[in-house]
Amino acid sequence: VKSLRRVQTFVHRNTGTVVAAADGDPLRKEATDEKHGRRSLSAVQAERQGQAERSVLISCNPRTNEKKFLKFLSRHGDVSKYFFYESYGIYALVEFTKRESVASLLEEAAIPTVSHEALVPFKTRLLSLKNIDSVGSTNQQYQPQTTAPINQLIQRLSREESIDRQVISLTESYQLTEENSRLRFLVCSLLQDMVAAYFPECAIKPFGSSVNGFGKLGCDLDMILDLDSISGRKAKTPKSASSLEYQLKRASTERAVTQSILSVIGECVDQFGPGCVGVQKILNARCPLLRFAHQPSSFQCDLTANNRVAVKSTELLYLYGQLDPRVRFLVFTVRCWARAHGITSSIPGAWISNFSLTVMVLFFLQRRSPPIIPTLDHLKGLAGPADKSVIEGNDCTFVSDFSRIQLRSNTETLEQLLCEFFDFYATFAFGKMSINIRKGKEQNKPEVAPLHIQNPFEISLNVSKNVNATQLGRFVALCQESSWLLQQVETATPTGGAAGNTPRPWGLAALLQPSQVAEIKSRKKRRREPASERIRTLLESLKNNKQPNKS
Ligand code: GTP
Ligand code: MG
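In the working numbering, the protein residues as written are 257 to 807.
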């Protein structure tokens with residue numbers, strides 16, 4: 257209970273709002289929702305999009321004098337926020353109070369002169385500051401856009417006094433900062449300007465971990481090109497008998513349309529987009545996408561179109577993360593633990609994905625007694641008429657109004673939950689059962705796959721169909737080892753350490769250190785595997801590498 261109180265005052269850095277804790281009193285909870293400032297994802301996104309439209313990204317000299325820099329900018333209007341960061345040089349994100357200031361600033365910007373190259377005259381809000389007086393000492397503070405190395409995190413956690421504090425500290429060091437969130441929305445906005453050359457009413461919005469509340473500094477930037485306002489999906493039926501229609505090109509399928517649009521945008525980003533490099537068109541994946549690096553932000557970007565189910569998944573994950581702060585704490589901890597042990601990877605393959613892992617944490621929290629979060633079917637039952645959503649035949653309806661959701665009284669601490677999580681999956685009947693957050697109960701596996709996690713919205717699909725037996729085996733072995741470590745007095749209690757010395761890693765810090773047991777087990781298993789199985793796994797991971805698609 258003591259640690260829960262601490263949890264109650266935690267500030268959600270993604271949204272800048274204070275996150276409420278489950279206090280066990282549903283009535284009080286409902287009444288205080290407003291007070292806790294919990295906002296829907298669409299409200300958060302609208303605010304961030306507004307900020308992004310009033311912002312520019314400026315490459316600066318490392319010794320730029322901050323005062324002179326601000327004075328220079330303020331000739332165009334009031335600056336409401338700015339910060340410096342490093343990414344292939346020094347950049348400043350500058351947000352003005354008014355949008356007109358951006359227009360005024362761009363008017364002053366010149367096309368550079370180059371001697372041995374030619375330029376594509378494509379203007380964006382990505383600028384370079386030249387010749388500003390840089391004499392004198394620089395007082396710029398660079399905002400970090402990546403996490404500290406794992407060893408530093410282990411040291412930091414070792415100094416905490418309880419496992420609950422360690423979990424909170426890990427989340428605080430890993431979650432997206434206010435600045436990084438702004439940068440993500442600005443990159444979407446810059447890209448939207450480019451795509452608007454073809455589709456003036458389009459919107460480019462972030463989804464996935466950039467906005468679902470589980471994003472780690474340095475995670476990729478998933479974006480969706482939203483053409484709904486143009487495509488006719490939201491069109492009104494004409495009132496009068498006579499009406500005009502646009503003449504449009506036709507294609508055989510929606511998929512073909514998505515592929516051709518992404519292909520053209522891919523060319524545009526590749527040939528005209530300043531700072532965009534390494535553009536890959538991955539159009540044959542189940543969900544066609546463009547992948548590229550945006551150097552001024554250091555983001556690895558994935559742009560998809562017509563991917564509305566993924567947007568719904570993002571909204572659902574965000575909602576679960578907002579219901580109780582323990583959800584985010586546990587997801588961050590498990591994701592970090594999995595990454596530290598190579599259970600997840602940035603390279604597509606037979607590994608468990610972060611998305612699958614998050615669904616596994618949600619399922620575990622639904623299985624607590626009493627449950628910490630409700631099932632998806634329960635959230636569907638609470639939905640109002642405006643929440644109705646059917647996408648390509650899949651019912652994606654669930655409640656959007658947080659205040660309608662009444663939570664049960666569960667006061668388990670983060671430490672208890674972490675131990676129980678490892679225990680739960682160390683002994684889960686993966687062979688027979690499927691993980692199902694819609695029902696909040698394991699179901700018989702509908703198909704053969706080492707790990708079966710039902711896709712919450714496309715229920716005939718398995719989100720972890722890429723995972724092979726070896727990877728699942730490593731996960732289970734690590735859960736067993738971590739559960740064991742948390743039950744040992746030597747590793748589960750603070751070690752203190754002499755004054756000035758870093759204490760020996762304990763608790764969560766000990767769990768993040770390289771595993772011994774799991775590695776030995778996996779090596780043994782690999783040795784026993786027949787060669788044909790290893791080749792099959794390798795082929796599968798190569799296939800997945802080519803098609804980094806979602807299932
Ligand atoms: P990281 O990028 O690893 O931090 O997490 P992420 O949640 O952003 O995952 P990823 O970039 O792989 O995917 C982006 C979003 O696509 C996820 O948040 C989900 O909403 C959706 N998604 C990812 N994988 C799957 C999948 O296997 N099935 C379905 N239906 N959706 C997925
Ligand atoms: Mg992502």
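The C-beta atom is built at its ideal place from N, Cα and C for all residues, glycine as well.
Q) By DSSP, does residue 534 sit in helix, in strand, or in coil? A) strand
Q.
Pop quiz: residue 469 and residue 574 are said to be a contact at Cβ under 8 angstroms. What is the actual Cβ separation, rounded to whole angstroms?
A. 5 angstroms
- Item | Straight-line gap, residue 514 to residue 507 (C-alpha atoms, nearest Å) | 10 angstroms
Next on the checklist: Between residue 461 and the ligand GTP, is there a pair consisting of the residue's CB and a ligand heavy atom that are separated by less than 7 angstroms?
Outcome noted: no
Less than 8 angstroms between the C-beta atoms of residue 613 and residue 594, yes or no? yes
Point to revise | Which of helix, strand or coil DSSP assigns to residue 528 | key: helix
| query | Which two residues bound the contiguous beta strand (DSSP E) that contains residue 560? | reply | 555-561
inquiry  = Could you check whether the segment 311-325 touches the segment 673-680, counting it as contact only if at least three pairs of C-beta atoms, one from each stretch, sit closer than 8 angstroms?
reply    = no
Practice problem: Run the proximity test for residue 751: is its beta-carbon closer than 7 angstroms to any non-hydrogen atom belonging to the ligand GTP? | Solution: no
Problem - Residue of 694, 703, 305 minimising C-alpha distance to residue 355 - result: 305
Report task. List the whole-angstrom C-beta distance separating residue 458 from residue 483, where the pair is believed to meet the contact cut-off of C-beta under 8 angstroms. Result -> 6 angstroms
**Request:** Determine the closest residue to residue 335 out of 538, 449, 325, with distance taken between C-alpha atoms.
**Result:** 325
task: Assess, as a yes-or-no matter, whether the segment 424-437 is touched by the segment 497-507 under the definition of 3 or more beta carbon pairs within less than 8 angstroms.
output: no
*Ordered along the chain, which non-local residues of its own chain (more than five positions away) have a Cβ less than 8 angstroms from that of residue 413?*
422, 425, 426, 761, 763, 764, 765, 768
* Asked: Taking the beta strand (DSSP E) that residue 359 falls in, what are its first and last residues?
  -> No beta strand (DSSP E) holds residue 359; the alpha helix (DSSP H) holding it covers 355-364.
**Prompt:** Is the segment 725-736 close to the segment 677-694, with three or more CB pairs under 8 angstroms?
**Reply:** yes
Quiz prompt | Classification of residue 297 by the beta-carbon crowding that lies within 10 angstroms, buried from 16 upward | solution = buried
Q | Rounded separation between residue 566 and residue 737 - CA only | A | 34 angstroms
Review point. Which residue comes first and which comes last in the alpha helix (DSSP H) that contains residue 298?
Key: 297-309
Nearest by alpha-carbon distance to residue 516: which of 530, 533, 546, 498 is it? 546
Q: Go ahead and pull the three-state DSSP assignment for residue 695.
A: coil
_Taking the alpha carbon of residue 375 as the reference point, which residue from 367, 347, 398 has its own alpha carbon closest?_
367
Residue 550 in three-state terms, based on DSSP: strand
What is the DSSP secondary structure of residue 576, counted as helix, strand or coil? helix
Just to confirm the assignment: which complete alpha helix (DSSP H) runs, minimum length 4, are found wholly within the segment 445-510?
484-487
So is residue 615 buried or exposed if we call it buried at 16+ other beta carbons inside 10 Å? buried
Straight-line Cα distance separating residue 739 from residue 652:
36 angstroms
By DSSP, does residue 767 sit in helix, in strand, or in coil?
helix
### Query
Looking only at its own chain, which residues have a Cβ that is under 6 angstroms from the Cβ of residue 689, when we skip the five neighbours before and after it?
698
Residue 329 by DSSP, collapsed to three states: which one? helix
Exercise. Which one of 569, 529, 402 has the shortest CA to CA distance from residue 445?
Worked result: 529
message = Is it buried or exposed, residue 701, if we count other Cβ atoms within 10 angstroms and call 16 or more buried?
response = buried
At the level of alpha carbons, what is the spacing between residue 337 and residue 448? 22 angstroms
TODO: Verify the contact flag: residue 369, CB atom, against every heavy atom of the ligand GTP, threshold strictly below 7 angstroms.
DONE: no
From 385, 407, 480, 471, pick the residue whose C-alpha is nearest to that of residue 561; which is it? 480
* Could you check if residue 723 is buried or exposed, using at least 16 other CB atoms within 10 Å of its CB as the buried criterion? => buried
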